[in-house]
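Taking it in order: structure first as structure tokens, then the write-up.
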Amino acid sequence: MKYIINFLRVLVGVTFIVSGLIKLNDPLGFSFKLEDYFAAEVLGMPFLVPFALVLAVVVCVFEVVLGVALLVGYKKNLTLWLLTLMMVFFGFLTFYSAYFNKVTDCGCFGDAIKFTPWQSFTKDVVLLALTLIVWWGKKYVHPITKGKLPVIIVVGSVLLCLGFSHYVYNHLPVVDFRPYKIGANIPEGLAQPMKNFTYHWTVKLDGKVQQITNSGQVPKDSKGEYAKDIIEVTTEAPAPLMHDFYIQDEFRADYLDEFMGDEKLLMVMMYRVDRANLEALKEIKKVTDKALKAGYTVIGLTSSLSEAQKVAKDYELNFDFYYNDATTLKTVIRSNPGLVVLSKGTILDKKHYNDADKLKIEN
2 MKYIINFLRV LVGVTFIVSG LIKLNDPLGF SFKLEDYFAA EVLGMPFLVP FALVLAVVVC
62 VFEVVLGVAL LVGYKKNLTL WLLTLMMVFF GFLTFYSAYF NKVTDCGCFG DAIKFTPWQS
122 FTKDVVLLAL TLIVWWGKKY VHPITKGKLP VIIVVGSVLL CLGFSHYVYN HLPVVDFRPY
182 KIGANIPEGL AQPMKNFTYH WTVKLDGKVQ QITNSGQVPK DSKGEYAKDI IEVTTEAPAP
242 LMHDFYIQDE FRADYLDEFM GDEKLLMVMM YRVDRANLEA LKEIKKVTDK ALKAGYTVIG
302 LTSSLSEAQK VAKDYELNFD FYYNDATTLK TVIRSNPGLV VLSKGTILDK KHYNDADKLK
362 IEN
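Residue numbers for the sequence shown, in my numbering: 2 to 364.
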């Protein structure tokens, strides 16, 4: 029993650490997910939206530290209590999301691993059950060593997590799990995938009408013969990797194809002007002026077009802004404003405004 309990202890601890680190790699992304939960039509807590980023960091650090504490055996009673409470809280959120179909992606593992709401709830129930089993066998849970090493490891994990979150917030995620990562081609990502279709068959096999789902093979009967009486067949196409990406002017005329054909394109993205660090535009102007001299096409993308046009005049920016969806722009780059370099639709480089001077501009 001792070995089973300690195996589950490691499993739960590692799961919490991995989950926390993945979200901590992209605290802004997790804060956007919390904003979805806090919305008036979901949990009805819009007053928490301004604190979403702080809460996102706290939750992520809490997850990692509790996982570390469980692994090293630090204050096992307190750790197990907090783990249980956290799983009950997460379980409530995922059940609410699944049952009422409010938030379709819980964000438990960021953009790295996608779960449906019911899958997320099932995962939380399993983790809660495993945590309760460790509770039951807590007499087998001991610190990895005597002395102050466990507390040093726990405190060290807190400091490392806070330092890591500060770095990625002021730069960009260390690992980009989103569709718009460097090397991705936007036109290809927007295209409808021509493979991995799902086929839904209604056929008569062995004297019975059956419904079968597969990747396209004609169903066979118990004798291995293909179905001859096919009543209906429908196909379900997988969703494109990217969606809702467009480049529109104030009259909603779309210029996506035109700009995606450019060999040297620099896009300045501000998903919302009222949330942007406008002082960063001073440094960005130096970069865009340099890019224009090097033969680049430079454009801005924003969801608040009229405000962006005014800002462009105020900061003497030598390029035009176009309209795009705020959610899409937040997905492309976790910086407001942010810089993205493309060649014929392929993303070559992305930079946070704090790293604008490091953007790769080829002459």
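For glycine and all other residues, C-beta sits at the position ideal for the given N, C-alpha and C.
- In chain order, what residues of the same chain lie with their CB nearer than 8 Å to the CB of Arg10, ignoring the 5 residues before and after it? Leu71, Leu72, Val135 and Val142
- Message: Buried or exposed for Val175, going by 16 or more other Cβ atoms inside 10 Å?
- Response: exposed
- Query: Could you give the C-beta distance for Pro28 and Val65, rounded to a whole number, given that I count them as a contact under 8 Å?
  - Reply: Not confirmed; about 12 Å, so no contact.
- Query: Run through DSSP, which three-state label would Thr1 get?
  - Reply: Nothing can be reported for residue 1: it is not among the residues displayed for the chain, which extend from 2 to 364.
- Query: I think Phe260 touches Thr235, with their Cβ atoms under 8 Å apart; what is that distance to the nearest whole Å?
  - Reply: Not quite, the Cβ-Cβ distance comes to about 36 Å (not below 8 Å), so this is no contact.
- Given Tyr247, which residues of its chain have a CB within under 7 Å of its CB, disregarding the five upstream and five downstream residues? Asp255, Leu257 and Asn325
- Task: Put Gly339 into one of helix, strand or coil per three-state DSSP.
- Result: strand
- Close-in-space but distant-in-sequence residues of the same chain around Ala313 (CB under 8 Å, 5 per side omitted): Gly301, Phe320, Asp321 and Phe322
- Item | Reduced DSSP category for Thr95 - H, G, I as helix; E, B as strand; rest coil | helix
- Could you say which of Ile362, Tyr354, Asn337 and Gln218 lies nearest to Leu266 if we only look at CA atoms? Ile362
- Task: For the alpha helix (DSSP H) containing Val269, list its first residue and its last residue.
- Result: Unbroken run through Val269 is the beta strand (DSSP E), Leu266 to Met271; no alpha helix (DSSP H).
- Query: Do the segment 343-362 and the segment 169-185 make contact, defined as three or more Cβ pairs closer than 8 Å?
  - Reply: yes
- Task: Pick out whichever of Gly148, Arg273 and Lys3 has its Cα sitting closest to the Cα of Lys140.
- Result: Lys3
- Item | Segments of 3+ residues assigned as beta strand (DSSP E) that fall wholly inside the segment 167-208 | 199-206
- Message: Let me check understanding here. Comparing Cα to Cα, which of Ser304, Asn215 and Asp222 lies closest to Gly208?
- Response: Asp222
- Do Phe52 and Met46 have their C-beta atoms closer together than 7 Å? no
- Cβ neighbours of His201 in the same chain (closer than 6 Å, five flanking residues each side left out): Thr214 and Thr235
- Task: Measure from the alpha carbon of Ser344 to the alpha carbon of each residue in Ile285, Leu306, Pro188 and Thr329, then state which is nearest.
- Result: Pro188
- Query: How big is the Cα-Cα spacing for Asp356 and Glu284?
  - Reply: 9 Å
- Item | Straight-line Cα distance separating Leu128 from Tyr181 | 32 Å
- Residue nearest to Arg276 in terms of C-alpha spacing, selected from Ile183, Ala309, Gly296 and Tyr97: Ala309
- For Thr347, the three-state DSSP class (helix, strand or coil): strand
- To the nearest angstrom, how far is it from the Cα of Ile114 to the Cα of Arg253? 34 Å
- Message: Buried or exposed for Val341, going by 16 or more other Cβ atoms inside 10 Å?
- Response: buried
- Item | CA-to-CA distance, Asn102 to Ser307, given in whole angstroms | 34 Å
- Task: Pick out whichever of Gly138, Gly148, Leu94 and Thr146 has its Cα sitting closest to the Cα of Val126.
- Result: Leu94
- Can you tell me the Cα-Cα spacing of Leu163 and Val69, whole angstroms? 15 Å
- Query: Relative to the alpha-carbon of Asn288, which residue among Asp263, Leu360, Gly296 and Leu242 has its alpha-carbon at the smallest distance?
  - Reply: Note on identity: in this sequence residue 288 is Val, with Asn being the wrong assignment. Answer by Cα proximity: Leu360.
- Beta carbon of Thr146 nearer than 7 Å to that of Val13: no
- Task: Evaluate Lys224 with the Cβ neighbour count: other Cβ atoms within 10 Å of its Cβ, from every protein chain shown; 16 or more gives buried, anything less gives exposed.
- Result: exposed
- Message: Quick check on the DSSP output: the beta strand (DSSP E) that includes Leu22 runs from which residue to which?
- Response: Unbroken run through Leu22 is the alpha helix (DSSP H), Lys3 to Leu25; no beta strand (DSSP E).
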